[in-house]
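Note sheet for the following structure.
In UniProt numbering, the protein residues as written are 1 to 129.
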C-alpha cells in the first residue's frame, strides 16, 4: 500500500488590520477621531501608549489640584543640602593635585546650639512653591 502525501502550502497570514482610531462623540460636539490609540506593539515595548500617558498626567494633575494643602502649623526639617540656614562664617576647601577636595573646614559666627536651632522652623515655608 502506498501512501500519498500532499503538502499543502498556504500563503503567509496577512497582517491583522490596524486598529481603528478611537472615536469620541460628546453629545454637544461632532464626532472626532483622535490621532492615537491605546495599544503596545512590539516596536514600542519600552514606551507607554500616548493615550495612557495623557490619562495618567490628567489624573495626577487633578489629584494635585484637589488635594488639601498641608497644615500651616507643621514643623519642617530644613535638610542640610538646601541653603536655608542664615549663618555667617567661612569655608575652607583643600584640593589635591587632581583638584579633588581632600579637606573641608567650616567655621561659623554662631554657636553650634544656635545653628541647630535654625534647622527647625514653625509655620509654612514661604520659599517652597
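Yeah, the Cβ is synthetic: ideal placement off N, Cα and C, and Gly gets one too.
With distance defined between alpha-carbon atoms, name the residue in 103, 98, 87, 95 nearest to residue 115. 87
Sorted by chain position, which residues of the same chain lie with C-beta nearer than 6 Å to residue 94's C-beta, five sequence neighbours on each side aside? 102, 103
Which partner residues does residue 106 have in the DSSP bridge list? 91
Of the residues 97, 90, 98, the one placed nearest residue 110, counting alpha carbons only: 90
CB of residue 92 within 9 Å of CB of residue 105, strictly: yes
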